[in-house]
Amino acid sequence: MFRFANSELFWLFWLIAIALGLYILAGILKRIALRKFGNPELMNQLMPDTSFVKPFIKFSLLLLTLALVILAAARPQLGTRLEEIKREGVEIILALDVSNSMLAEDIRPNRLEQAKMSIQRMTDRLVNDKIGLIVFARKAFVQVPLTTDYTVTKMLTATVSTESVPVQGTAIGSAIDLAVNSFSSTEENSKILIIISDGENHEDNPVEAARLASLRGIVIHTIGIGDPRGSPIPIKGRGGQQNFLTDQDGNVVMTRLDETTLRQIASVTGGIYVRATGSEFGLNNILNEISGMEKSEFESLVYTGYEDKFQYFTGLALFFIFLTVFITDRKSLFFEKLNFF
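Residue 742 in our numbering sits at position 272 of the sequence shown, and the numbers go up by one each step.
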């Protein structure tokens, strides 16, 4: 398992972009200055031994050296042992609606993007709990199996889109059924399912699915996202312009938050319903509920015994610095004598 212990130092890569910008600017100013002194072709004849390629090669090597130094400072590490450790926590599966209605912009930037950002913020608050992610539209799919690897969870959450599922529609019941089968078989573990959706269900009976889940000891919390008054669904036209989804009669389709269904799903399992807003999405309220639940002990495989590998990056950086010492601004006589044509 490879990681960077000081990954927060990656912002230093902006220095490379700044240095490259300054180098380009200096080159432009140099050309302007040379033109003031005379004809550029004449100036080249007066400086026949000056190479205009070598300074660029030297600068490129210095940029590469800087990048390697930043990577070395970020402390690249390699996990050498996979160990089984015991944790105390709960199992949490998030079921995220990725139907086209989640593109509505009644919550900025849209329902789906706001939900993804809130899931990532929630993940930052977890310590020992297992977390998984299911995406659903007409069918449900496991995006992240139950894990304690929060970094992977956040990364895969960021990739979710309405194209994560092959067929559009909304079937909350299928997401509940898949979540039931995705929890561990241990009965002692506390199991929580959090459904994030606008509640518009067109395919199945989610309340009945929730009732069956409650018999397995699963508590379902629901978060309603959207405006009950309705909002249009933006789509891209053929020319790239933004249009709105219309029905067969050409009327703009309005997607509305169905709070009734989401309340019923939560109620039959002893969970709570929260309506998401722009300032408070609702996951914090649910996390407060979860914190009061009984924690269960479970085993988890994690990489330990990390070893620093910064020396490889440092060695390469020193090698490239050593090369730049031998690169001058003068043309190489050896290459000048070669005539390939």
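Each residue gets a CB set at the ideal place from its N, CA and C atoms; glycine is no exception.
Keep in mind the model is a prediction, meaning the values are calculated, not measured.
- Excluding its 5 nearest sequence neighbours in each direction, Phe783 has C-beta neighbours in its own chain below 8 Å: Leu538, Val539, Leu541, Ala542, Pro546, listed in chain order.
- Your pair Ile695 and Ile601 does not check out as a contact, with CB atoms roughly 19 Å apart and the cut at 8 Å.
- Asp594: member of the alpha helix (DSSP H) spanning 581–595, first to last residue.
- Its chain contains Ser660 as the residues whose beta carbon lies nearer than 7 Å to that of Glu764, once the 5 sequence neighbours on both sides are disregarded; these appear in chain order.
- In the pairwise beta carbon analysis, the region 743–758 is classified as not touching the region 703–723: fewer than three pairs are separated by under 8 Å.
- Here Thr794 has Lys528, Leu531, Leu532 as same chain residues with Cβ atoms under 7 Å from its own Cβ, once five neighbours each way along the sequence are excluded.
- Three or more Cβ pairs drawn from the region 691–705 and the region 568–582 lie within less than 8 Å of each other, which places the two stretches in contact.
- Between Gln590 and Lys624 the beta-carbon gap is near 5 Å, inside 8 Å, which marks them as a contact.
- In the same chain as Ala641, and ignoring 5 residues on each side of it, the C-beta atoms closer than 6 Å to its own belong to Arg608, Glu673, Asp674, in chain order.
- The DSSP-derived three-state label of Ser571 is helix.
- The Cβ atoms of Ala680 and Thr739 lie closer than 7 Å to each other.
- Within the same chain, Gly700, Ser701, Pro702 come within 7 Å of Met724 by CB-CB distance, once the 5 residues on both sides are set aside.
- Non-local C-beta neighbours of Asn671 in its own chain, meaning closer than 8 Å and more than five positions away in sequence, comprise Thr640, Ala641, Ile642, Gly643, Asp728, Thr731, ordered along the chain.
- Per the C-alpha coordinates, the member of Val568, Ile662, Thr617 positioned closest to Val689 is Ile662.
- When the Cα atoms are used, Val744 and Leu495 turn out to be separated by approximately 54 Å.
- Residue burial annotation: Pro676 is buried, with at least 16 other C-beta atoms found within 10 angstroms of its C-beta.
- Straight-line spacing of the CA atoms in Asp719 and Asn713 works out to 16 Å.
- Ranking Leu492, Ile665, Val622 by CA distance to the CA of Ile742 puts Ile665 first.
- Shown here for Phe483: same chain residues with a beta carbon closer than 8 Å to its own, the five before and five after excluded, namely Ala537, Ile540 in chain order.
- For the beta strand (DSSP E) assignment, the uninterrupted runs of no fewer than 3 residues enclosed by the region 661–704 are, from N- to C-terminal side, 661–667, 688–694.
- Excluding sequence positions up to five before and after Asn580, its CB lies within less than 6 Å of the CB of Leu573, all in the same chain and listed in chain order.
- In this model, Arg595 and Phe526 are separated by some 47 Å (Cα to Cα).
- By the Cβ neighbour-count rule, Lys586 is buried, with 16 or more other Cβ atoms within 10 Å of its own.
- According to the DSSP assignment, Lys600 belongs to the beta strand (DSSP E) that extends over 600–606.
- In this structure, the alpha-carbon of Ser766 lies about 28 Å from that of Tyr776.
- According to DSSP, Met724 shares a beta bridge with Pro702.
- In this structure Leu616 touches Ile563 by the C-beta definition: roughly 7 Å separates them, less than 8 Å.
- When DSSP reads this structure, Gln712 sits in a beta bridge with Lys706.
- The beta carbons of Asp599 and Val560 sit closer together than 7 Å.
- In the same chain as Val637, and ignoring 5 residues on each side of it, the C-beta atoms closer than 7 Å to its own belong to Ala607, Arg608, Lys609, in chain order.
- Here Lys609 is not bridged, per DSSP, to any residue.
- The C-beta separation of Leu648 from Val612 comes to about 7 Å, placing the pair in contact by the 8 Å criterion.
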